[in-house]
Amino acid sequence: MDHGLHGKHVLVTGGSRGIGRATVHAFAKAGAKVVAVYHQPSDASQQLACELKELGDGHLLVQADVTDAASTAQLAEAVNVHFGGKLDVLVNNVGVDGRSAFGELAEEEWHRVMDHNVTSAYLVTNKVLDQLVEGASIVNIGSSLALRGRAFGVHYTASKAALIGLTRALCKELGPKGIRVNLVSPGVTETEPGGGLPPHVQQMIVGMTALGRMCQPEDVAGAVLYLAGATSKYVTGSTINVDGGV
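In terms of my numbering, the sequence shown opens at residue 2 and continues consecutively.
So this is what it looks like as structure tokens:
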């Protein structure tokens, strides 16, 4: 499907792995020019750099800590220079998980999860706001757990629920400027084939889904492209659940 993304300028945080990586690939294959952000150098970031070269010109890989205001400001300047001050799509994808009994939840762990899952979206959006063109799209990546909750994951659940509020409020503030803000809420996603959850846990999750399989990064990327493109031009403040029908 043609989402009208050819030649569009796109910024994706957390772009070297999992959902972010699949999203970067999807935009590049749709003809968009992508700035992909990674935190620390790794085999994944090096491989993505090579892949972006093969996908055409106009792409850029940038290292930044989007939980830090100064680093995020440097990222915004790099985006400004690369795209000439015109940004069409922002995907706030950075996120981390966390597990802890609430009574044992350390303040440092609370802030770690909140900073990555909520503060990063605030910082990046705030720093590139003046670069967003009329008709631009912001897509935040949340979690289907935001409305269901998870034991031993209060801080994670709270952080993803906060993104719903951020999305709903910001869409009203930016709507008069023609900027749309939406949220994609994936189910448990198989970001690292052969790793992550134990087989018996994966089987339990699969058994809960109507479609009978785990969510893949490409499933999420497809929803992101829809919300970023012309086919969703009257959609804002919405949450799309990509959870296979849990």
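Where a beta carbon is used, it is the ideal one built from N, C-alpha and C, also for glycine.
These numbers were taken from a predicted model, which means no experiment stands behind them.
Starting from glycine 19 and walking both ways along the alpha helix (DSSP H), at which residues does that stretch end? Translated into positions along the sequence shown, residue 19 becomes position 18. Unbroken alpha helix (DSSP H) run through glycine 19: 19-30.
Three CB pairs or more closer than 8 Å across the segment 125-137 and the segment 183-191: no
Excluding sequence positions up to five away, which residues of its chain have a Cβ less than 8 Å from the Cβ of asparagine 118? By 1-based counting over the sequence shown, the position of residue 118 is 117. For asparagine 118, where only same-chain residues beyond five positions count, the Cβ hits under 8 Å are Val95, Gly96, Val97, Tyr157, Ser160, Lys161, Ala163, Leu164.
Beta-carbon gap between glutamate 108 and lysine 178 smaller than 8 Å: Your numbering for residue 108 matches position 107 in the sequence shown. Your numbering for residue 178 matches position 177 in the sequence shown. It is not a contact, given that the beta carbons lie outside the stated cut-off.
Spatially closest choice to valine 48 from Arg22, Ala29, Ala27, by CA coordinates: As a first step, residue 48 must be located in the sequence shown, where it is residue number 47. Reading off the sequence, residue 48 comes out as glutamine, not valine. Minimum Cα distance to glutamine 48 is reached at Arg22.
Which residues does DSSP list as the beta-bridge partners of lysine 161? Mapped onto the sequence shown, residue 161 falls at position 160. BP columns for lysine 161 are empty, so no partner.
Give me the Cα-Cα distance between alanine 37 and lysine 30, rounded to the nearest whole angstrom. One-based indexing of the sequence shown puts residue 37 at position 36. One-based indexing of the sequence shown puts residue 30 at position 29. Those two C-alpha atoms are separated by around 14 Å.
Excluding five sequence neighbours on each side, which residues of the same chain lie with their C-beta closer than 7 Å to the C-beta of glutamine 203? Start at 1 with the first residue of the sequence shown, and residue 203 comes out as number 202. So the qualifying residues of the chain are Met215.
Since serine 138 is in the beta strand (DSSP E), which residue starts that stretch and which ends it? As a first step, residue 138 is located in the sequence shown; it is residue number 137 there, counting from the start. Residues 133-142.
Terminal residues of the continuous alpha helix (DSSP H) containing glutamine 203? As a first step, residue 203 is located in the sequence shown; it is residue number 202 there, counting from the start. Its alpha helix (DSSP H) spans residues 200-209.
Which residue's Cα is closest to the Cα of leucine 61: Gly246, Val92, Ile241, Ala79? Mapped onto the sequence shown, residue 61 falls at position 60. It is Ala79 whose Cα lies nearest to the Cα of leucine 61.
To which residues does DSSP link lysine 34 through a beta bridge? What you label residue 34 is simply residue 33 of the sequence shown in a count that begins at 1. Paired residue(s): His10.
Looking at the structure shown, is tyrosine 39 part of a helix, part of a strand, or coil, going by DSSP? Counting from one through the sequence shown, the residue named residue 39 turns up at place 38. Tyrosine 39 falls in the strand class under three-state DSSP.
Note the first and the last residue of the continuous alpha helix (DSSP H) segment covering threonine 126. Here residue 126 corresponds to residue number 125 of the sequence shown, with the count starting at 1. 121-129 is the extent of the alpha helix (DSSP H) around threonine 126.
With a cut-off of 8 Å on the beta carbons, I'd call alanine 88 and leucine 133 a contact; round off their distance for me. Taking the sequence shown and counting its residues from 1, the one referred to as residue 88 is at position 87. Taking the sequence shown and counting its residues from 1, the one referred to as residue 133 is at position 132. First, the amino acid is wrong: residue 88 is leucine here, not alanine. Yes, leucine 88 and leucine 133 are in contact; Cβ-Cβ is about 5 Å, under 8 Å.
For the segment 88-116, which segments carrying the beta strand (DSSP E) assignment without a break, of at least 3 residues, lie completely within its bounds, in sequence order? 88-93
Look at the Cβ atom of glycine 246, then the Cβ atom of alanine 211, and state whether they are nearer than 8 Å. The residue you call residue 246 lines up with position 245 of the sequence shown. The residue you call residue 211 lines up with position 210 of the sequence shown. A contact, by the Cβ cut-off of 8 Å.
For arginine 214, the residue or residues it bridges with in DSSP: Here residue 214 refers to the residue found at position 213 of the sequence shown. Note: arginine 214 sits in no beta bridge, so no partner.
Where serine 46 falls: helix, strand or coil (DSSP): In the sequence shown, counting from the first residue as 1, residue 46 sits at position 45. Helix.
So, at 6 Å on beta carbons, what are the nonlocal neighbours of glycine 59 in its own chain, with the 5 sequence-adjacent residues on each side left out? On the sequence shown, residue 59 is found 58 positions in, with the first residue counted as 1. If we look at glycine 59 and ignore the five residues flanking it on each side, its Cβ neighbours are Lys34.
Taking 8 Å as the threshold (C-beta atoms), are alanine 224 and valine 185 in contact? Along the sequence shown, one-based indexing puts residue 185 at 184. Along the sequence shown, one-based indexing puts residue 224 at 223. Yes. Within cutoff.
Residues near threonine 240 in its chain [Cβ-Cβ closer than 8 Å; skip 5 each side]: Here residue 240 refers to the residue found at position 239 when the sequence shown is read from its first residue. Here the set comprises Gly143, Ile165, Thr168, Asn183, Leu184, Val185, Ser186.
Going by Cα to Cα distance, which pick from Glu52, Ser138, Ser17, Val11 is closest to proline 218? Stepping through the sequence shown from its first residue, residue 218 is reached at position 217. Cα-wise, what sits closest to proline 218 is Ser17.
Check this for me: beta carbons of leucine 226 and alanine 27, under 8 Å apart or not? Counting from one through the sequence shown, the residue named residue 226 turns up at place 225. Counting from one through the sequence shown, the residue named residue 27 turns up at place 26. Against a cut-off of 8 Å, the Cβ pair of alanine 27 and leucine 226 comes out as a contact.
Identify the continuous alpha helix (DSSP H) that holds leucine 148 and give its terminal residues. As a working note, residue 148 is residue 147 in the sequence shown. Neither: leucine 148 is in no alpha helix (DSSP H) and is coded neither H nor E.
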